[in-house]
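Worksheet: one structure, shown below.
In my numbering, the protein residues as written are 2 to 224.
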């Protein structure tokens, strides 16, 4: 094989990754699977697509070795093939946010009230949560919390918040997070809790962003 053919082969292999992530739905799938293992049925529901289309997108990601699958009874469950895939998703998103004006404008529209965003830095948030000065709540589904969550965070899925208000100490600041900057569950949690008189804000980070920054996460059932 001559040098030109070898270079063509190398770039062709790298381009397999680019092709796999060239679909908006496949990017969203990576973001969802980064939160923890999920079945095709769950992923199809999250994407609002039928099972056949979800399976086709997952097949493309699997062929590029970005996800892996296993069978659990009658279900096929998907997970990322490595933590570097989650880092790829974060990096790709950050590059897009830095260079695409349309994306910046769309993100600004998502944050209808900038005052809802907590200005505290990551390490400061960690320190305050450890000291009990703030209450950090994870409003994702409980299975995602089990897979990984921010240190000292409590699991309080969005669907359960209204029934669990008595678990939140009045007068203490609450910080909510979900799946990252494109997730709206934390916005809904902030709105609900603010209406109930709580001091509450959100952070744009999710577990994947926290890990990409080299900060620790926890796993398990507590919280």
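Glycine is no exception: its CB is placed at the ideal position from the N, C-alpha and C atoms. Bear in mind that the values here come from a model prediction, so they are computed numbers and not experimental data.
query: DSSP-derived helix/strand/coil call for residue 38; result: coil
query: Reference residue 25; option with closest CA among 48, 66, 75; result: 48
query: Identity of the residues DSSP links to residue 79 by a beta bridge; result: 39, 70
query: Of the residues 130, 182, 29, 121, the one placed nearest residue 208, counting alpha carbons only; result: 182
query: Close-in-space but distant-in-sequence residues of the same chain around residue 210 (CB under 8 Å, 5 per side omitted); result: 91, 181, 182
query: Nearest neighbour of residue 27, chosen from 58, 11, 93, 72 [CA to CA]; result: 58
query: Beta-carbon proximity of residue 177 to residue 138, cut-off 9 Å; result: yes
query: Distance, residue 140 Cα to residue 121 Cα; result: 19 Å
query: Residue 217 versus residue 9 - alpha carbon distance; result: 40 Å
query: Cβ pair residue 147, residue 220 closer than 9 Å; result: yes
query: C-alpha distance - residue 155 paired with residue 136, whole-angstrom precision; result: 8 Å
query: Whether residue 69 touches residue 17 by CB criterion (9 Å); result: no
query: Whole-number beta carbon distance between residue 67 and residue 102, since they are thought to touch under 8 Å; result: That pair is no contact at about 28 Å.
query: Residue 84 in three-state terms, based on DSSP; result: helix
query: Residue 204 vs residue 126 beta-carbon contact at 9 Å; result: yes
query: Check whether residue 202 and residue 175 have beta carbons under 9 Å apart; result: yes
query: Beta-carbon spacing of residue 194, residue 166 below 9 Å; result: yes
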